[in-house]
Amino acid sequence: MKIGILSSGGDCPGINATIRGVGKTAMMHYGMDVIGIHSGFTGLLHNDIEILNERSLSGILNLGGTILGTSREKPFRKALDSDSEKPQIIYQNYKNLNLDCLVCIGGNGTQKTANKLSQLGINVIGIPKTIDNDIWGTDITFGFDTAVNIATEAIDRLHSTASSHKRVMVVEVMGHHAGWIALYAGMAGGADVILIPELGYDIDKVNKCILERAKRGKPYSIVVVAEGLKTPDQHHPSRFITQEIEKATGIETRDTILGYTQRGGNPSPFDRNLATRLGGHATELIANREFGKMVCMKDGKVSSLPLQEVAGKLKLVTENHDLILQGIRMGISFGW
Ligand code: F6P
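The structure is reproduced here in structure tokens:
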């Protein structure tokens, strides 16, 4: 068999580990040929490809980013008239390359595109990746653990400076529309307030929590804000929250936006192994000709489900998540 592999959407730690997982299993175990497609779907539109071999897959397990490059190209988005030809061009190039399957590593948008390509008659396997952990149908995505580690370390570091200056430190973490990174890093970092888009917030309650802490002899606080939180500041919700806290409490308040540091650099050992397992399972599905699926983790086991079921859905934090319930029992404010 001959397979093509691409990474699409925002990069994240673990993509190279999964490219290696797919590639090495395909070549060494199943005797398949593997083509790497550059810059996501853009590479498939322009035949920008390379033949992968054991050598090109060496030394990449612990490497951040993606050796294939990525883009946010969405071939089914019809912004311009000419764009509507993109799916057909991709179909033709897939045929010309004599591919038996296209492996699409990506987040929600990519799985949606993969499903559409599958409906077009292309054999597709999706591999979920994102630091946001918001892909429906899988318990966890690689990239998330690494991002939580980075954000937690940052929160740990903010504690000592917050305490020395008796300040409130507001830290904004990524996560798109979901609050997974904020919840996990906030809890692991011992935050006092955690604000996520799924729960919303009442700024008066946040301020009250901070003032009560000060009354209890704790003049500093750590507030973790998920980037998807809705505030009048559409770009950085942490800026609005910072201003409101300082205004209402009179306590000096500072804002830190972690940004892209959360998705750069080496994957954690957990993410490397998760990416490797998903890559191996994806290749197994291809060998069995079980196409149109996304590999996933279900109750600690590698599994898969139809792309059709995944496409267009989001996995968000629910208010009865055990970390939220436990946080509330320990006096952490979730904005209410
Ligand atoms: O999906 C990963 C992510 O890093 C989000 O957390 C963030 O909102 C977004 O990508 C940033 O996207 P871009 O790379 O287009 O700036």
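Numbered by this note's numbering, the letters in the sequence shown go through residues 354 to 689 in order. A virtual CB, placed ideally from N, CA and C, is assigned to each residue, including glycine.
Residue state for Cys-562 is assigned as helix, using DSSP reduced to three classes. Looking at the DSSP output, Pro-481 bridges to Gly-459.
Rounded to whole angstroms, the separation of the alpha carbons of Gly-393 and Ser-361 is 4 Å. By the criterion of a C-beta distance shorter than 6 Å, Asp-364 is surrounded in its chain by Gly-418, Thr-419 and Thr-423, once the five residues flanking it on both sides are discounted. Rounded to whole angstroms, the separation of the alpha carbons of Ile-534 and Lys-666 is 19 Å. Thr-483 has its Cβ nearer than 7 Å to a heavy atom of the ligand F6P. Judged by DSSP in its simplified three-state form, Lys-646 adopts strand.
Linking Leu-470 to Cys-457 through their CA atoms gives a straight-line distance of about 10 Å. Going by C-alpha positions, Ser-411 is about 31 Å away from Pro-659. Bounds of the alpha helix (DSSP H) holding Ser-591 are 590-602. Taking C-beta atoms under 8 Å as the contact rule, Asp-492 and Asn-461 fail to qualify, at a distance of about 16 Å.
Taking C-alpha positions only, Leu-564 is separated from Glu-525 by approximately 21 Å.
Contact fails between the segment 611-618 and the segment 630-637, because fewer than three Cβ pairs, one in each stretch, are under 8 Å apart. Inclusion of Glu-580 in the 7 Å shell around the ligand F6P follows from its C-beta lying nearer than that to a non-hydrogen atom of the ligand.
Unbroken alpha helix (DSSP H) stretches of 4 residues or longer found wholly inside the segment 374-415: 394-399, given in chain order. Pro-366 is not bridged by DSSP to any residue. Comparing alpha carbon positions, the residue from Leu-627, Glu-599, Phe-429 and Ile-575 closest to Ala-541 is Ile-575.
Counting along the chain, Ile-681 sits inside the alpha helix (DSSP H) bounded by residues 675-682. The Cβ atoms of Ala-538 and Thr-584 do not sit closer than 8 Å to each other.
Leaving aside the five residues that flank Phe-593 on each side, the residues in its chain whose CB is nearer than 6 Å to its CB run, in chain order, Thr-584, Pro-585 and Asp-586.
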